[in-house]
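Below: one structure, written as structure tokens.
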Amino acid sequence: MKTYSSEGGIELIAGGKSGAKYKEGVGDEAQFGWVSSLRQINSTALVVVDKLSHCIRLIDRQTNGTSQFAGICTVKGGVSAMCSSQQCMFNYPHDVQLNDFEEDFLYITDASNDAIRRMDLVNDSVSIFIADVKGPRYIEFDNKNQVMYVTIAIGLLRVPMIDVELRFLALASAISYDFFGLALLDSNTVVVAALKSNSVQVVLLEEDNSNTSNICVKPEKKTMEAQKKHKMETPFRCEVYVPYSVAVVRGALLIGQVDFVKQIAFSSELHSTLPHIRNFYAHRVTQSHSL
């Protein structure tokens, strides 16, 4: 796991050795199965979802030491109505998220248990927030309106936090259940990464229904070969291949793919504009500051 400093350069803070394994340690002595999400919860603590180890881990930013934070690492299990953080079990957790309107709570998507879990940091306990949701993956909060959005195996959920009531906003393809990362552009627009269909989609939220449209799609085979050879992309369309995550940073949409991050400058009419694309390949760290 690495961090980028504003002064320039990349620092390894934990892990980094090849092979998907579980091991607690300091710095590069620690090992992870698969880091699928992370959140900075205070000035010294970084919470990490280790999906393949079936647990949530903590990195102390003062020492870069790791420790088990929730779940039993390397042991997967079913959902308990209430359990202590060190006794509860997860089954391929994907994401951990917090919001601005509640104190001392973390929300965890427990994908293979079809549940969203809530961790109480004060009482050191984990409970079920929502059960029986098919394969929850990633969470985004609309803090202003106190609403949770969740990508699940069959689409996108909207969950008002004041009066919890599930509402399906958009269904993924009947053939390819593939919504993963999501980002909230504003209270009326959500962007999702559709992994298997190789697309990034905009969901326009409306009172009675929601409209979904592609803004990025998989390039044709010839285009992919040319891009790979010359590391170039046509400026006339947004093309993606295996998009896994999306984020909004400084007025731009970032799309995480297999080995690089793509940046799209967008307007409020994102779904109908031809975005300007720039690719940031992993080895071109000198350009990372412009993200």
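Using the numbering used here, the first residue of the sequence shown is number 142, and each one after it goes up by one.
Every residue, glycine too, gets a C-beta built ideally from N, C-alpha and C.
Quick caveat, the model's predicted, so the values are computed rather than measured.
Checklist line | Backbone secondary structure at E165 - three-state DSSP | finding: For the purposes of this step, residue 165 is identified with residue 24 of the sequence shown, where counting begins at 1. Three-state DSSP puts E165 in coil, outside helix and strand.
Margin query: Here's the rule: buried if 16 or more other CB atoms are within 10 angstroms of the residue's CB, otherwise exposed. What is L346?
Written below: Position 205 of the sequence shown holds residue 346. Buried is the call here.
Note to self: If contact is defined by three or more beta carbon pairs under 8 Å, each pair taking one atom from either stretch, is the stretch 224–240 in contact with the stretch 267–286?
What the structure shows: yes
Check: In whole angstroms, what is the alpha-carbon distance linking I396 and F246?
Finding: Taking the sequence shown and counting its residues from 1, the one referred to as residue 396 is at position 255. Taking the sequence shown and counting its residues from 1, the one referred to as residue 246 is at position 105. Cα to Cα, the separation comes out at about 27 Å.
Check: If you follow the beta strand (DSSP E) that S177 is part of, which residue opens it and which one closes it?
Finding: Mapped onto the sequence shown, residue 177 falls at position 36. Note, S177: beta strand (DSSP E), 176–181.
Next item on the list: Express the C-alpha separation of Y382 and V402 in angstroms, rounding to a whole number.
Entry: Position 261 of the sequence shown, counted from the first residue, corresponds to residue 402. Position 241 of the sequence shown, counted from the first residue, corresponds to residue 382. C-alpha separation (whole angstroms): 11 Å.
Notebook entry, point to check: Within this structure, are the beta carbons of S221 and C229 separated by less than 9 Å?
Noted result: Your numbering for residue 221 matches position 80 in the sequence shown. Your numbering for residue 229 matches position 88 in the sequence shown. Yes; because the gap between Cβ atoms is below 9 Å, this pair is in contact.
Next item on the list: List the endpoints of the continuous beta strand (DSSP E) containing S268.
Entry: The residue labelled residue 268 in the question sits at position 127 within the sequence shown. 266–272 is the extent of the beta strand (DSSP E) around S268.
Check: Measuring CA to CA, which of S177, A171, D191 is closest to N205?
Finding: Numbered from 1 along the sequence shown, position 64 holds the residue referred to as residue 205. The option with the nearest alpha carbon to N205 is A171.
Item checked: Same chain, Cβ closer than 6 Å to T427, neighbours up to 5 away in sequence not counted -> Locating residue 427 in the sequence shown gives position 286, where the first residue counts as 1. For T427, the pLDDT reaches just 31, beneath the cut-off of 50, and the residue's location in the model is therefore unreliable, leaving the point undetermined.
Checklist line | Other residues of its chain near A388: CB distance less than 6 Å, five sequence neighbours each side excluded | finding: As a first step, residue 388 must be located in the sequence shown, where it is residue number 247. Contacts found: A324, L395.
Checklist line | Closest residue to G166 among Q342, L199, R180, S159 (Cα-Cα distance) | finding: Residue numbering aside, residue 166 sits at position 25 when the sequence shown is read from its first letter. It is L199.
Next item on the list: With a cut-off of 8 Å on the beta carbons, I'd call I182 and V176 a contact; round off their distance for me.
Entry: Position 41 of the sequence shown, counted from the first residue, corresponds to residue 182. Position 35 of the sequence shown, counted from the first residue, corresponds to residue 176. Actually they are not in contact, since the Cβ atoms of I182 and V176 sit about 16 Å apart, beyond 8 Å.
Check: Looking only at C-alpha atoms, which of V288, R180, I356 sits nearest to S338?
Finding: The residue given as residue 338 occupies position 197 in the sequence shown. Comparing Cα-Cα distances from S338 to each of V288, R180, I356, the minimum goes to I356.
Margin query: On the CB-based measure, 16 or more other CB atoms within 10 Å of its CB, does R391 come out buried or exposed?
Written below: In the sequence shown, counting from the first residue as 1, residue 391 sits at position 250. Flag for R391 reads exposed.
Notebook entry, point to check: Taking C-alpha atoms, which residue in L336, K285, I271 lies nearest to V300?
Noted result: Counting from one through the sequence shown, the residue named residue 300 turns up at place 159. Among L336, K285, I271, the Cα nearest to that of V300 belongs to I271.
Checklist line | Three-state class that DSSP yields for S338 in the structure shown | finding: Locating residue 338 in the sequence shown gives position 197, counting from the first residue. Three-state DSSP puts S338 in coil, outside helix and strand.
Margin query: Can you tell me whether K158 is helix, strand or coil according to DSSP?
Written below: Counting from 1 along the sequence shown, the entry for residue 158 is found at position 17. It is coil, neither helix nor strand.
Next item on the list: Hey, could you find the ends of the beta strand (DSSP E) Q209 is sitting in?
Entry: Reading the sequence shown from its first residue, position 68 is the one you call residue 209. From DSSP, the beta strand (DSSP E) with Q209 extends over 206–211.
Note to self: Quick check on S194: does DSSP put it in helix, strand or coil?
What the structure shows: Along the sequence shown, read from residue 1 onward, the residue named residue 194 stands at position 53. Helix, per DSSP.
Next item on the list: Classify A294 as helix, strand or coil using the three-state DSSP reduction.
Entry: Residue 294 sits at position 153 when you count from the first residue of the sequence shown. Coil, per DSSP.
Margin query: Taking its Cβ as the centre, do 16 or more other Cβ atoms sit within 10 Å of A313, making it buried, or is it exposed?
Written below: Start at 1 with the first residue of the sequence shown, and residue 313 comes out as number 172. Only weak support exists for where A313 lies, its pLDDT of 43 falling under 50; the coordinates are left without a value.
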